[in-house]
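Let me begin by presenting the structure, written as structure tokens, before commenting on it.
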Amino acid sequence: MKLLSIASLLLLSAAFSELALGESVISPNGDISIHFQVKDGAAAKGGIFWRVDYKGKIVMQDSSLGFTLKDAPSLDKNFSIKAVERSDHDTSWKPPYGECSEYLDKYSQMQVTVEDGKRRRLVLTFRAYDEGAAMQATFPKQKAFEELTIVSEDTQFRFTGDHQAWTTRKAQGKYEKKMLSRLNPKHEYERPFVMKTSEGTHLAILEAGLLDYARMQIGVDKRTPHTLVTRLSGSATIKTPYSLPWRVLMAAPAPGGLLQNNYLLLNLSPPNQLADTAWIKPGKQCREYTLTTKNSMAMIDFLAANGLDYLELDTGWYGTERDEKADASTVTRPPYFAKNGPFDLPEIIRYAKSKNIGVVLYVNRIHMVKQRDELLPLYRKWGISGIKMGFVEVGPQEPTKWLHETIRKCAEHQLFVDVHDEYRPTGIERTYPNFMTSEGVKGNEGHGPTPQQDVENTFIRCLCGPTDFTMAWHTKRLKLSWAHQMAAAVVYYSPLQTLFWSDRAEKFTGKEPYLKYFAALPTVWDEKQVIQGEIGEFITVARRKGDDWFVGTMNAIKHRQAEIPLSFLTPGKKYTATIYSDPTPEIEVVIDPNPKGKGNPESKKLKITTLEVTSKTVISANMANNGGHAIHIVSVVK
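Given below as structure tokens:
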């Protein structure tokens with residue numbers, strides 16, 4: 147037995163003494179523990195700090211909390227603990243629709259009330275979930291604070307080493323792999339912010355429950371190595387009592403564990419605020435961009451014949467989207483659209499309804515801001531199903547508040563919402579389920595992402611909620627194989643799944659084998675299993691609806707043969723698996739960076755095989771460097 151030295155014992159004793167001065171809370175399975183302290187630091191006497199441990203090891207060291215206020219002293223020192231309340235929660239809840247039919251909501255909670263030297267009170271709520279740590283600051287109603295303006299929120303995330311991170315400064319930007327020490331202190335980075343430690347643990351910083359506050363981004367704290375800090379997109383004015391959005395640190399042994407547990411943001415968001423959700427119908431939509439009656443009717447016929455649900459009429463139907471003078475209450479196409487032929491919107495909506503197809507209208511934020519209260523009842527009267535809002539403003543408090551208020555108002559008129567461009571959700575789909583999906587990702591609009599960026603998106607962007615990837619099919623610009631695209635429709639969760647973004651009805655014969663796959667494909671699910679993968683390299687996700695399973699594998703960088711165990715199937719039961727794969731996976735596909743290039747001929751082919759499988763089956767997915775692998779598994783009926 148090795149004896150500890152006197153010096154070691156003294157250090158250990160000091161550590162226990164310091165911990166005893168604080169408060170701790172531990173997750174139900176013991177994986178996550180959060181420690182809170184008031185202590186004298188180098189910068190502030192009586193500063194408040196939080197720490198997070200994962201599986202018995204510190205992953206986030208003591209990190210300070212504080213606020214810089216307008217016209218008032220900063221709230222960051224001279225604190226003392228006034229009260230501590232603890233509770234345990236073990237419940238579940240069922241969404242109207244989702245990635246799963248039911249979500250567990252199990253955590254241990256600690257609420258700490260602190261007061262500074264000016265008798266200003268702050269309540270800090272810490273929740274230790276098995277999936278991660280969450281912290282929320284609340285300003286209770288008090289004489290010192292009736293209304294205040296927060297100039298900056300100084301929540302630190304101080305890590306134990308120089309972790310590898312995947313960063314982007316824009317929601318639709320390209321990710322860069324950088325060590326924390328190489329991040330630019332002048333920049334703000336988008337969330338989710340994902341890292342990998344030298345030991346292989348994966349961490350993610352996220353925001354949950356953002357409704358009417360300024361968005362959080364991630365900055366670099368120049369004072370302390372390997373330390374990140376919240377950066378608000380502008381100041382925020384609040385009236386007490388007021389609870390800020392949650393600050394979240396997720397942890398998992400592999401990146402797939404983070405994605406598996408992304409429901410944590412839903413658990414941290416306010417429950418469903420809509421009394422009636424029966425009218426909200428998830429489904430698959432296709433875009434019609436010529437804006438003519440003839441082509442719209444043809445696309446409606448195509449949708450009805452192939453098990454799809456919505457026709458999205460894109461920009462231009464009421465005028466040029468950036469034109470301040472355009473009127474979104476009228477059908478007024480600009481000349482470059484009008485030359486395509488007649489466009490009878492009422493007749494298109496009537497015909498779509500006769501085929502059980504819904505219509506979604508694109509509206510630019512410029513006109514929604516000017517005309518919202520006029521447009522929403524009008525669109526309801528027209529009989530459309532939903533609105534796709536484009537070029538929404540994100541970040542500052544006022545546009546954030548406006549957007550979520552608009553989603554709520556759309557629900558009052560039974561309109562669902564698809565938000566496009568830079569917006570990334572924080573759990574809003576639980577609070578207002580008519581929020582169906584959002585972009586916040588580089589999809590196949592324009593010249594699309596590289597396979598590597600596409601797989602990075604699945605591990606990072608998809609942590610924060612439904613993702614409208616806008617899949618293309620018949621386009622010269624496609625960088626991803628058809629099998630990759632089919633897999634993406636499984637890996638990317640989007641209750642409103644956009645298929646065939648760049649396509650017209652006449653491009654299909656109706657006999658294409660992949661149409662049967664998409665017709666059967668659900669967009670909401672009963673169960674999700676993230677099977678395997680590495681960020682930017684490959685990913686396999688399996689999803690179940692009823693007795694059917696869909697399995698998608700997306701690949702990048704190099705030719706790969708991945709082994710996919712079907713152990714998620716019911717033991718002893720037989721199934722039939724239809725497999726869609728790359729026919730020539732060994733051929734390296736050169737990714738053409740030119741958006742007007744000739745594309746990749748090898749990408750537009752499929753190999754289709756059928757197998758009888760059980761829970762003991764392992765399928766080999768042979769994939770090209772831009773390829774993928776999609777499986778539809780159905781139970782064998784005896």
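Numbering (my numbering), first residue to last: 147 to 784.
Just so it is clear, CB atoms sit at the ideal spot from N, CA and C, and this is done for glycine as well.
This one's a predicted model, so the numbers in the text were calculated from it and none came from an experiment.
Pick from the options that is closest to residue i, judged by C-alpha positions
i	options	result
Ala397	Leu642, Leu609, Thr616 and Lys625	Leu609
Thr756	Pro523, Thr724, Val783 and Tyr321	Thr724
Phe664	Phe654, Ala635 and Gly679	Ala635
Thr383	Leu661, Gly403, Arg273 and Glu293	Glu293
Phe448	Pro492, Ala400 and Tyr497	Tyr497
His593	Met206, Thr616 and Pro488	Thr616
Ser781	Gln643, Glu758 and Gln431	Glu758
Ser247	Glu261, Arg576, Gly168 and Ala557	Arg576
Ile733	Asn772, Ile512, Ile495 and Met325	Asn772
Lys385	Val394, Gln288, Thr370 and Leu356	Gln288
Ala770	Glu683, Asp693 and Asp199	Glu683
Tyr638	Glu585, Gly380, Gly487 and Ala444	Glu585
Gly529	Ile681, Ile494 and Pro545	Ile494
Leu270	Tyr388, Met206 and Ala421	Tyr388
Leu326	Ile364, Leu221 and Leu357	Ile364
Lys201	Leu645, Lys216, Ser209 and Leu349	Leu349
Lys719	Asp693, Ala618 and Leu215	Asp693
Cutoff 8 Å; reference residue i; Cβ partners in own chain excluding five residues on either side
i	result
Ala160	Low per-residue confidence applies at Ala160: pLDDT is 37, beneath 50, and the placement is therefore not dependable, though the value from the model is reported in the following sentence. Excluding residues within five positions, none has a Cβ falling inside 8 Å.
Ser787	With the chain covering only 147 through 784, there is no way to say anything about residue 787.
Thr552	Met514, Arg518, Met535 and Val563
Same chain only: Cβ atoms within 6 Å of residue i, ignoring 5 sequence neighbours per side
i	result
Asp460	Arg433, Tyr435 and Tyr508
Asn408	Leu609
Lys252	Pro174 and Asp236
Ala767	Thr699, Ala708, Ile710 and His775
Gln675	Ala688 and Phe714
Ile765	Ile710
Ile779	Trp695, Tyr721 and Ala723
Val230	Glu169 and Val258
Leu329	Val366
Beta-bridge pairing of residue i - partner residues as DSSP gives them
i	result
Leu211	Ile194
Ile178	Tyr200
Ser274	This sequence places Ala at residue 274; Ser is not what is there. Its beta-bridge partners are Ser254 and Ala279.
Ser392	The question names Ser, yet the displayed sequence has Trp at residue 392. Partner(s): Ala354.
Ala398	His348
Gln631	Partner(s): none; Gln631 has no beta bridge.
Asn510	Gly536
Asp236	Lys252
Trp312	Lys323 and Val340
Ser298	Thr214
Cys432	Leu457
Ala688	Gln675 and Val697
Met769	Arg706
Phe305	Met206
Pro711	Val764
Gly504	Tyr456
Gln643	Lys430
Integer-rounded CB distance, given that residue j should sit under 8 Å from residue i
i	j	result
Asp300	Phe182	16 Å between Cβ atoms; not a contact.
Lys185	Asn224	No, Lys185 and Asn224 are not in contact; Cβ-Cβ is about 12 Å, not under 8 Å.
Thr351	Leu374	A small fix is needed here, since residue 351 is Ile in this sequence, not Thr. Yes, they are in contact, since the Cβ atoms of Ile351 and Leu374 sit about 7 Å apart, within 8 Å.
Ala360	Leu411	Not quite, the Cβ-Cβ distance comes to about 18 Å (not below 8 Å), so this is no contact.
Gln302	Met341	Between Met341 and Gln302 the Cβ distance is about 15 Å, and since that is not below 8 Å, they are no contact.
Ser761	Pro717	5 Å
Ile180	Val260	With a Cβ gap of about 15 Å, Ile180 and Val260 do not count as contacting.
His372	Arg315	Not really, about 20 Å apart at Cβ, beyond 8 Å.
Glu673	Ala444	Not really, about 37 Å apart at Cβ, beyond 8 Å.
Thr347	Gly307	At roughly 11 Å, the Cβ-Cβ gap does not stay under 8 Å, so Thr347 and Gly307 are not in contact.
Beta carbon proximity, residue i to chain B, threshold 9 Å
i	result
Arg576	In the structure shown, chain B does not exist; there is a single protein chain.
Same chain, Cβ closer than 7 Å to residue i, five either side skipped, listed in chain order
i	result
Thr763	Leu712
Leu157	Residue placement at Leu157 is flagged as unreliable, the pLDDT there being 35, under the threshold of 50; the coordinate-derived value follows with that caveat. So no residue of the chain qualifies.
Ser233	Gln255
Pro641	Tyr243, Pro428, Met582, Thr583, Pro612, Thr669 and Val670
Ala153	With a pLDDT of 37 at Ala153, under the threshold of 50, the modelled position of this residue cannot be trusted, and the question is left open.
Lys750	Trp628
Q) With a cut-off of 8 Å, do at least 3 Cβ pairs link the segment 624-633 to the segment 694-708? A) yes
Q | the segment 497-512 touching the segment 444-463, judged by at least three CB pairs closer than 8 Å | A | yes
Q. Three or more C-beta pairs closer than 8 Å, one from the segment 295-309 and one from the segment 401-417: is that the case here?
A. no
**Q.** Stretch pair the segment 435-444 + the segment 599-613: three plus CB contacts closer than 8 Å
**A.** no
Q. Does the segment 399-407 come within contact of the segment 312-322, defined as at least 3 CB pairs closer than 8 Å?
A. no
Q.
Assess contact between the segment 327-343 and the segment 275-293, defined as three or more Cβ pairs (one per stretch) separated by less than 8 Å. Is contact present?
A. no
(Q) Tell me whether the segment 651-669 and the segment 419-430 touch, counting them as touching only if at least three CB pairs, one residue from each stretch, are closer than 8 Å. (A) yes
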